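Asks:
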Amino acid sequence: MPGQSSTASAIKAKQGAETPAVANRTWVEASVWTQRMLSALGNGVKGGKWYALIDKVYAPATLRRAWDKVQANQGAAGVDGQSVERFAAKADAYLAELAAALRAGTYRPHAVKRVEIPKGDGRTRPLGIPTVKDRIVQQAVRLVIEPIFESAFGDGSYGFRPGRGCHDALREIDALLKAGYTHVVDADLQCYFDRASYYTLVNEG
Numbered sequence: 144m145p146g147q148s149s150t151a152s153a154i155k156a157k158q159g160a161e162t163p164a165v166a167n168r169t170w171v172e173a174s175v176w177t178q179r180m181l182s183a184l185g186n187g188v189k190g191g192k193w194y195a196l197i198d199k200v201y202a203p204a205t206l207r208r209a210w211d212k213v214q215a216n217q218g219a220a221g222v223d224g225q226s227v228e229r230f231a232a233k234a235d236a237y238l239a240e241l242a243a244a245l246r247a248g249t250y251r252p253h254a255v256k257r258v259e260i261p262k263g264d265g266r267t268r269p270l271g272i273p274t275v276k277d278r279i280v281q282q283a284v285r286l287v288i289e290p291i292f293e294s295a296f297g298d299g300s301y302g303f304r305p306g307r308g309c310h311d312a313l314r315e316i317d318a319l320l321k322a323g324y325t326h327v328v329d330a331d332l333q334c335y336f337d338r339a340s341y342y343t344l345v346n347e348g
């Protein structure tokens, strides 16, 4: 449970031991997370809540690192038609504009371009493509908040986490089988996000 993980983390920090989120710093962006912030992550913040993180999002170093990741991932242009290559031609100016808009609170994301991706069975899967600028902002937010959420996850969670993947999960399953565990529960919500309405996701999700 997240609450139990947080309590355990706090106890370990008081005993002088680093929490997993702090000890494993290989994936944490040093340009975003300072040593002081990492220490706060391990020891806990007052009231259990982080405040004023938006200044970390629009910090030049954060946006630059976010842009590096977006550029490395490439991808198609969004509804504004601006490609990664076109953004790269004036990256410094565009990043400065993004920082100013985020600082002033005037930044507004664009609509998401919808395309249909073919699947092996002949059907298609809907895919949303944000604009390059929106992808940069999304990356910047992720760089700032990911370590905070990571500190609350249990060690048995492997899905979509930095430094973890399906092979790590398989290795743990192998260890559990060798330890004598023999029952497996498998649940799959087939095509859930293809069928769930926006109302359902917002009000019941």
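Convert by adding 143 to the 1-based position in the sequence shown; the result is the number in our numbering. Where a beta carbon is used, it is the ideal one built from N, C-alpha and C, also for glycine. On a predicted model such as this, the values are computed, not experimentally measured, just so you know.
Classify ARG314: buried if its beta carbon has 16 or more other beta carbons within 10 angstroms, exposed otherwise.
Replies: Within the sequence shown, numbered from 1, the residue matching residue 314 stands at position 171. It counts as exposed.
Asks: Determine the burial state of GLN282: buried for a count of at least 16 other Cβ atoms within 10 Å of its Cβ, exposed for fewer.
Replies: Start at 1 with the first residue of the sequence shown, and residue 282 comes out as number 139. With 16 or more other Cβ atoms within 10 Å, it is buried.
Asks: Put PRO203 into one of helix, strand or coil per three-state DSSP.
Replies: Translated into positions along the sequence shown, residue 203 becomes position 60. PRO203: helix per DSSP, three-state reduction.
Asks: For PRO252 and ASP277, what's the separation of their Cα atoms in angstroms?
Replies: As a first step, residue 252 is located in the sequence shown; it is residue number 109 there, counting from the start. As a first step, residue 277 is located in the sequence shown; it is residue number 134 there, counting from the start. Going by the C-alpha atoms only, they are around 6 angstroms apart.
Asks: Let me confirm a value: LYS262 is counted as buried when at least 16 other C-beta atoms fall within 10 Å, else exposed. Which label applies?
Replies: One-based indexing of the sequence shown puts residue 262 at position 119. Its Cβ having fewer than 16 others within 10 Å, LYS262 is exposed.
Asks: Suppose you measure from the CA of GLY187 to the CA of ILE288; what does that come to, to the nearest Å?
Replies: Residue mapping note: residue 187 aligns to position 44 of the sequence shown, counting from 1. Residue mapping note: residue 288 aligns to position 145 of the sequence shown, counting from 1. Taking the straight line joining both Cα atoms gives about 14 angstroms.
Asks: Who does ILE279 pair with in a DSSP beta bridge?
Replies: The count along the sequence shown starts at 1 and reaches residue 279 at position 136. ILE279 pairs with nothing; no bridge assigned.
Asks: Can the beta-carbon of LEU241 be found less than 8 angstroms from the beta-carbon of LEU206?
Replies: To locate residue 241, count along the sequence shown from 1; it is residue 98. To locate residue 206, count along the sequence shown from 1; it is residue 63. Taking 8 angstroms as the Cβ cut-off, LEU241 and LEU206 qualify as a contacting pair.
Asks: Can you tell me the Cα-Cα spacing of VAL227 and ARG208, whole angstroms?
Replies: Counting from 1 along the sequence shown, the entry for residue 227 is found at position 84. Counting from 1 along the sequence shown, the entry for residue 208 is found at position 65. One C-alpha to the other measures close to 15 angstroms.
Asks: Out of TRP193, ALA330, ARG229, point me to the one whose CA is closest to TRP210's CA.
Replies: As a working mapping, residue 210 is identified with position 67 in the sequence shown. Comparing Cα-Cα distances from TRP210 to each of TRP193, ALA330, ARG229, the minimum goes to ARG229.
Asks: Any idea which residues DSSP pairs LYS256 with across the strands?
Replies: Locating residue 256 in the sequence shown gives position 113, counting from the first residue. Beta-bridge pairing links LYS256 to ILE272.
Asks: Indicate the three-state DSSP secondary structure (helix, strand or coil) for PRO290 in the structure shown.
Replies: Walking along the sequence shown from the start, residue 290 turns up at place 147. The answer is helix: DSSP assigns PRO290 an H, G or I state.
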